[in-house]
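Okay, so the sequence shown: first residue is 1 according to the UniProt record's numbering, each after it adds one. Ideal Cβ placement from N, Cα and C applies to all residues, glycine included. Beneath this line is the structure, given in structure tokens, with notes to follow.
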Amino acid sequence: MRTDPHAADPFPETRPPSVWPSTLRPGEARLSSTFAESRFDPLAEERARAEAHAAVAFDVCHPGLALRAVLGVQVVLAIGTLVARGAAGWPAFGGTAFAGLLGTLLWLLPVCALKQPLRRLPAPARAGVALLLGALAALAGQAPGWWLQIVAAPDAAHVLGVALAGAGLAGLLWAWLDLRARIWAPVDARVRLAELQSRIRPHFLFNALNTALALVRHDPLRAEQVLQNLGDLFRAALADAGASISLDEELALARAYLAIEQVRFGHRLRLEWQVDTGVGRARVPPLMLQPLVENAVRHGVEPSARGAQVVVRAALQRGQVVVEVINTLPDEPALPGTEGHGMALHNVRERLRLLHDVAAHFETWRAEGQHHARVVIPL
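As structure tokens, this is what we get:
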């Protein structure tokens, strides 16, 4: 059936606002607001990258990072004792280790508490604050020994030496945190492009476009909705690689992806959402859920003539957010070339580690004819 170009507009002005926005109406050669919002701004990119760098550098609230800092200080103190006093200094190392442990914790606590104000400071000022807190923490860590008279009463030179040692150790910690942040920060456009390519699989793009093309003639409204959902996913994919989004936003992106797949598979894709209130404040990497639900569709729905059930859960458990994607598995054996989605799942695991360190956990397993993917993140 051919469409008459002179026929009346099949989409009158009484359509809902989300259908054919004014910037996309036929005959108008203007850019849509979607593209207008994504104009390249190098200064904004640099500001966002600097903020992300500062956030990672001073985010010492993660237990894994704090543990590494404590162990690192103890190793430095042990080496210093061995070099300065030799084996004869080991009997007195217990007191030094306790003072170092107390001083490290007293440095980590204010740095963690002040991480938001520290992000707004320039790099030299952040370094100065770190050194000052290190000197004060070292004196506070040594104070119990002086007060209990475990060590000799200090003179001015000894107090100055302790303060300088604390500032030096704090400087080492700050340099390590800064180097860690620089390694993780996205600094090359080619790296970001590679990351984008690993997050958005080509077959997903082709399937979505084929779905929209199949709907254009007989159901253009649904075709437009598919393209709008695809646009939402690509806006998330093109976001800064160092950014994070709320779980509410991530769930909305997962719904957009599954809405596209619902058009493809119809009744074969049976969805169930179980989302607790209050979980949406958790921070996750962009498009964390999309590879998980895509994996469920590819290996649960697509190979089975009867389809599959896909359950998405997000629940609060002991102060953490547990997100699960569960899909039933087909009775038929997997077709050659369909087993394996390991690169995308590895990508999810690595981005969670970079954002939350050891505070996040990701695992997958099969049991009783179902595939489970579980993500645990701090609230």
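Item, Value
"Just checking, does the stretch 354-373 make contact with the stretch 69-78 on the three C-beta pairs under 8 Å criterion?", "no"
"I'd like to check one pair, Gly-166 with Ala-138: are the Cβ atoms closer than 8 Å?", "yes"
"State the CB to CB distance for the pair Gln-320 and Leu-379, rounded to an integer number of angstroms; the pair is presumed to be in contact (CB under 8 Å).", "6 Å"
"Under DSSP, the alpha helix (DSSP H) around Thr-104 begins and ends at which residues?", "93-113"
"Among all the DSSP beta bridges, which residues are the ones paired with Ser-246?", "Arg-283"
"Using C-beta distances below 6 Å, list every residue in its chain close to Glu-324, excluding the 5 sequence neighbours before and after it, in chain order.", "Arg-313 and Arg-374"
"State the Cα-Cα distance for the pair Leu-173 and His-356, rounded to the nearest angstrom.", "19 Å"
"From the DSSP output, which residues share a beta bridge with Thr-120?", "Note on residue identity: the sequence assigns Arg, not Thr, to residue 120. BP columns for Arg-120 are empty, so no partner."
"Mind checking which residues open and close the alpha helix (DSSP H) that includes Glu-294?", "290-296"
"Does DSSP put Val-310 in a helix, in a strand, or in coil?", "strand"
"How would you call Gly-134, buried or exposed, if buried means at least 16 neighbouring beta carbons within 10 angstroms?", "buried"
"Of the residues Glu-363, Arg-353, His-371 and Val-83, which one's Cα is nearest the Cα of His-62?", "Arg-353"
"If you reduce the DSSP assignment to three classes, tell me which class Pro-378 lands in.", "strand"
"Alpha carbon to alpha carbon, how far is Leu-316 from Val-310?", "20 Å"
"Could you tell me which residues DSSP puts in a beta bridge with Leu-271?", "Val-310"
"Between which two residues does the beta strand (DSSP E) harbouring Arg-366 extend?", "361-367"
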